[in-house]
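The sequence shown maps to residues -17 to -1, 1 to 143 in mature numbering (1 follows the signal peptide of the UniProt record, and there is no 0).
Below is one structure, written out as structure tokens, with a few remarks after it.
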Amino acid sequence: MIQVISVLVLFIYTCSAGIIGGPLHASCKLDWNVGMNCKAAGQTIVDQINKWKGDDCGTGEKCLYSLDSFDGKILKAKHETPKAHYIDDLTMVFNDNGDDCAINANSTSETWYAVLDYGTNYCNLHNLITGSGLDKTARFKEDTSDSVCTQFSSANCEKY
């Protein structure tokens, strides 16, 4: 009986991935390249998180960020959605690459049953990179897709 249930769960999980077309849990993985060293890039993102730590969100969700830690290499933070108060965990890993910084970023919902998120996890990261101005640096590049970033292609970061 347990084998039948295990096979059924695996089948549903596999089919769901094909239907959803992305991660099975609301999350986003992306890579950035910014045209400055990682120490400066990391501090710029920390400053933006601190700027948006309050609950004055305006019309979007550019608020309620909190910094957990930053050791110069790994940044951990949280973002709370202002209406439903869901918590998303953010992690960024900074790797110097010559004059540039390669950043591996991830946002994932703490809500275990979250599957679709209207691009919220993408916007958690996107809003920080654009709010900080790092998207305007020389050689800026972003790499992600719907397969690793829930609803990336339909995300509205002015709203989320």
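Heads up, the beta-carbon is just placed ideally off N, CA and C, and yes, glycines get one too.
Everything numeric in this text was worked out from a predicted model, so none of it was measured.
Can you give me the C-alpha to C-alpha distance between K12 and A88, rounded to a whole angstrom? In this model, K12 and A88 are separated by some 6 Å (Cα to Cα).
Inspect the beta-carbon positions of L117 and A24 and report whether they are closer than 8 Å. yes
Considering only residues of the same chain and omitting the five flanking positions on each side of T94, which have a CB-CB separation below 7 Å? Y69
Within its chain, find whatever has a CB closer than 6 Å to the CB of C106; leave out the 5 residues flanking it on each side and keep chain order. A138, C140 and Y143
Length of the line joining the Cα atoms of S130 and A9: 11 Å
Output yes or no for whether 8 Å exceeds the beta carbon distance between A85 and L73. no
Count the other C-beta atoms from every protein chain shown that fall within 10 angstroms of the C-beta of T42, then say buried if there are 16 or more, exposed otherwise. Its Cβ having fewer than 16 others within 10 Å, T42 is exposed.
Could you work out which residue in Q26, K34, G37 and C46 is closest to F53 when comparing CA atoms only? Here the closest residue by C-alpha is Q26.
Ordered list of alpha helix (DSSP H) runs contained in the region 89 to 135, each at least 4 residues: 103 to 114
Could you check what DSSP says for A85 in three-state terms: helix, strand or coil? In the structure shown, A85 sits in a strand (DSSP, three-state: E or B).
Within 10 Å of its beta-carbon, does N78 have 16 or more other beta-carbons around it, so buried, or fewer, so exposed? exposed
Euclidean distance between Cα positions of E63 and A97: 14 Å
Residues in the same chain with beta-carbon distance under 8 Å from G114, minus the five sequence neighbours each way, listed in chain order, please. Taken in chain order, the residues that qualify are Q31, K34, W35 and K45.
Suppose contacts are defined by Cβ-Cβ distances below 8 Å. Is D71 in contact with N104 by that definition? yes
Using only alpha-carbon positions, find the residue among G18, V76 and P6 that is nearest to V29. V76
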